[in-house]
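Residue numbers (numbering that gives the first Met the number 0), protein chains in the order written: chain A, 0 to 343; chain B, 0 to 343.
The structure appears below as structure tokens.
Protein chains: 2
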Amino acid sequence: MKIVIDGMGGDNAPDAIVEGVVQAVQELGQENQIILVGQEQLLTDALRKTRYNGNRIQIVNADSVISNDDAPVRAVRKMKDSSVVVGMNMVKNGEGDVFISAGSTGAILAGGLLILGRVKGIDRPTLATVYPVIGGKPSLLVDAGANAECKPRNLLEFAVMGSIYMEKVLGRENPTVGLVNNGTEEEKGTALTRAANKLLKESSVNFVGNIEARELQNSACDVIVTDGFTGNALIKLTEGLGLMVLRELKSIFLTSPMTKISAILMKEQLKKLKTEFDYKEYGGAPILGVKGALLKMHGSSDAKAVRQTILKAVLYVEENVVGIISDAVNPRSKRSSDTDDQEK
Amino acid sequence: MKIVIDGMGGDNAPDAIVEGVVQAVQELGQENQIILVGQEQLLTDALRKTRYNGNRIQIVNADSVISNDDAPVRAVRKMKDSSVVVGMNMVKNGEGDVFISAGSTGAILAGGLLILGRVKGIDRPTLATVYPVIGGKPSLLVDAGANAECKPRNLLEFAVMGSIYMEKVLGRENPTVGLVNNGTEEEKGTALTRAANKLLKESSVNFVGNIEARELQNSACDVIVTDGFTGNALIKLTEGLGLMVLRELKSIFLTSPMTKISAILMKEQLKKLKTEFDYKEYGGAPILGVKGALLKMHGSSDAKAVRQTILKAVLYVEENVVGIISDAVNPRSKRSSDTDDQEK
């Protein structure tokens, strides 16, 4: 397998990316290679610092980097020599099996649409994020922000694609699907959620009905379906609240010598709580519904997050998530004709 | 002032309501009376248990109770003898200055619209909730769930009404207003948020621009403006996450005798954290934009929450929030003609 990764994306590039790549390659079987895309000299220097001396990491040059300030669609169209465009084209042309980037979410989404293209039958690809559940198993949130405005059929597609990813990559058998709503009753909500509830009930996903945001932390469902505006708000609020609680706890523990000792006594448990809030741990966010395996990492990803994401990416490809999504939405078509762009 | 309160609403009625009323009346000046509305015998018994022996608490009989299972609009129309309808009619007829209930949110909103009526110039009244900020000053969230689907002008109205309540009742001078969005840039978001951003910029509120949900815990603004679907999700997620963190902390503190001692050492600080998450503390959620002062309490309100809400209700009336809202949306009209329903 050839894993293509953007060496230039995110706050800690290229060093954290390269370090994570080196960590991952040592855990992967000999048949796997990692291709770092970006400014060759920078990446070569970063790789040298790690003292990696194997032959399973390649560097492919890309002169420019799309930043968060660049307008995504325009940048993908114009900046042909950017790490995102070069890397994604490698997947499109069969020179890579998956593309990973911690760069601009907008550019990765735009690249997915413009370079890889949508799976036939999918109206809107989606960004799926692992949603942290304190003291419990994480859920998968679709859509996490790719589509601020949605039609009912989009929410159904998110549910189908999210269920496949949850089962194949995150290992949750027959995952339950809940629809975020302002009440559990079917007749509650907006025109969008009422229509989506109906579609989901009639669909093949394991739909457990509407769920209120209050229940997300009770592992109310494995796949949380919502529009990208609400999904973005939910994941960002959880992130902000988690950081704030941890900061507050820290200040509580610093109030006296005795409380400082207490913190030391509970170090392991507190570390676990911190980890649970930290969705960088969970291995990147897939963009589902495009003709190729595509993963977005958090912009602040460190080497550990990079390693985790690469390990998940292997499953994403091995389990043929892209092909299964295509089959699910085109039950009678030949899959190969839909997805041959990224398969060789 | 005459404060009318639903003695039958909420999980802990009538005892917690009556107990809260007794606590509050002792803190209020002699000129204030509280009128408990509900099943006379039940309320008389509950009041007797408190051993209250003053003459500033009256009981007004209402035979029925609207439950959360009753369809709100239908219930308000048909159940004329319910505590919500009887109590709200007292405010409408000038026999009371404010109505408070921990009962069905739907019924209270429907009653506000059907019995009190909208302030002239307001398209959609709103439910405003105090939004807890850990380690900081709370914000006010409008709309917290009254209007799942909104037009841009509704969001502007929420901002205007929320700013007035924040200043007059919660004492925050010249409150800042932020619009919840999936990015801070003006061009980001949905058709709704883009249009609302424009209206807010041109308005007289102290608009600080779009805010992401991640920033809510950083006291990014005093008044958080959003549609009722998103607002409902934000407040419920915060509530659910808060409960879960506290539960997790409790289990961390119970892992060993040493950690149990630590918990005792940090008791005061942990209690403060719990209080910050507990928005029952903050004195009820006003329904703004109706012709009368109206407050919804959390269904699980205890006596302390009831007392807090009654104390806030006094400010709500004394500061003439309803009149000021009317003036703000009808700058050239005579306020008395818009709001004389609830004024005597």
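Each residue gets a CB set at the ideal place from its N, CA and C atoms; glycine is no exception.
All values derive from a computational prediction rather than experimental measurement.
Going by the beta-carbon positions, is the gap between residue 161/B and residue 174/B smaller than 9 Å? yes
So, using beta-carbon positions, are residue 35/A and residue 65/A closer together than 9 Å? Against a cut-off of 9 Å, the Cβ pair of residue 65/A and residue 35/A comes out as no contact.
Could you check which residue in 299/A, 284/A, 320/A, 265/A has the C-alpha nearest to that of residue 142/A? 284/A
Looking at C-alpha atoms only, which residue of 112/A, 133/A, 129/A, 131/A is the closest neighbour of residue 123/A? 112/A
Is residue 83/B near residue 95/B, with beta carbons less than 9 Å apart? no
Report the rounded CA-to-CA distance for residue 68/B versus residue 46/B, giving the unit in angstroms. So the alpha carbons of these two residues sit roughly 28 Å apart.
Just the chain B side, please: which residues come within less than 8 Å of residue 188/A by C-beta, in chain order? 147, 228
Less than 9 Å separating the beta-carbons of residue 321/B and residue 132/B? no
So with CB distances below 8 Å, who are the chain B contacts of residue 265/A? What residue 265/A touches in chain B: 251, 252, 254, 258, 261.
For my contact list, residue 115/B and residue 291/B are in at a C-beta cut-off of 8 Å; report their separation, rounded to the angstrom. 4 Å
Would you identify the three-state DSSP class for residue 295/B, choosing helix, strand or coil? strand
Distance cutoff 9 Å, beta carbons only. Does residue 244/A sit that close to anything in chain B? Contact of residue 244/A with chain B is assigned, a C-beta pair being separated by under 9 Å.
Cβ atoms of residue 177/A and residue 222/A: under 9 Å apart, would you say? yes
Whole-angstrom distance between residue 248/A and residue 259/A, CA atom to CA atom: 11 Å
Quick one: is residue 289/A buried, meaning 16 or more other Cβ sit within 10 Å of its Cβ, or exposed? buried
What are the boundary residues of the beta strand (DSSP E) that residue 398/B is part of? Outside the shown range of chain B (0 to 343) lies residue 398/B, about which nothing can therefore be said.
Ignore the nearest five residues each way along the sequence and tell me which others in residue 273/B's own chain have a CB closer than 8 Å to its CB. 245
Alpha carbon to alpha carbon, how far is residue 31/A from residue 157/A? Give it in angstroms, no decimals. 30 Å
Can residue 126/B and residue 169/B be called in contact, C-beta distance under 9 Å? no
What ranges does the beta strand (DSSP E) occupy inside the stretch 244 to 310 of chain A, keeping only unbroken runs of at least 3 residues that lie completely in it? For the stretch 244 to 310 of chain A, whole beta strand (DSSP E) runs of length 3 or above, ordered along the chain, are 284 to 287, 292 to 295.
Between the CA atoms of residue 329/B and residue 323/B - distance to the nearest angstrom: 10 Å
So that I know if they touch, is there some Cβ in chain A lying closer than 9 Å to that of residue 211/B? By this cut-off, residue 211/B is an interface position.
Identify the contact partners of residue 269/B in chain A, using a Cβ-Cβ distance below 8 Å as the criterion. 251
Would you check if the distance between the CB atom of residue 99/B and the CB atom of residue 14/B is smaller than 9 Å? no
For residue 53/A, collect the residues of the same chain with a Cβ closer than 7 Å to its Cβ; drop the 5 residues on either side in sequence, then sort them by chain order. These residues qualify, in order along the chain: 24.
Per DSSP, what kind of secondary structure is residue 1/B in: helix, strand or coil? strand
Let me know the beta strand (DSSP E) ranges lying completely inside the stretch 38 to 93 of chain A, each 3 residues or longer, listed in chain order. 56 to 60
Could I get the ranges of all uninterrupted beta strand (DSSP E) runs contained in the stretch 187 to 235 of chain B, with 3 residues as the minimum, in chain order? The stretch 187 to 235 of chain B contains these whole beta strand (DSSP E) runs: 205 to 210, 222 to 224.
Thinking residue 183/A and residue 205/A are a contact (beta carbons under 8 Å), I'd like their distance in whole angstroms, please. Not confirmed; about 17 Å, so no contact.
Check distances from the C-beta atoms of the stretch 144 to 176 of chain B to those of chain A and list, in chain order, the residues that come in under 8 Å. 144, 147, 148
Along chain A, which residues have their Cβ under 7 Å away from the Cβ of residue 247/B? 133, 134, 272
Could you check whether the Cβ of residue 214/A sits closer than 9 Å to any Cβ belonging to chain C? Here chain C cannot be found, since the structure's protein chains are A and B.
Could you tell me which of 164/B, 207/B, 167/B, 171/B sits nearest to residue 179/B, measuring between CA atoms? 207/B
Under 8 Å between beta-carbons, which chain B residues line up against residue 179/A? List them in chain order, please. 232
Residues that residue 185/B contacts on chain A, provided the C-beta gap is smaller than 9 Å: Correct list: empty, because the minimum Cβ distance to chain A is about 14 Å.
Between 51/B, 153/B, 43/B, which has its C-alpha nearest residue 287/B's C-alpha? 153/B
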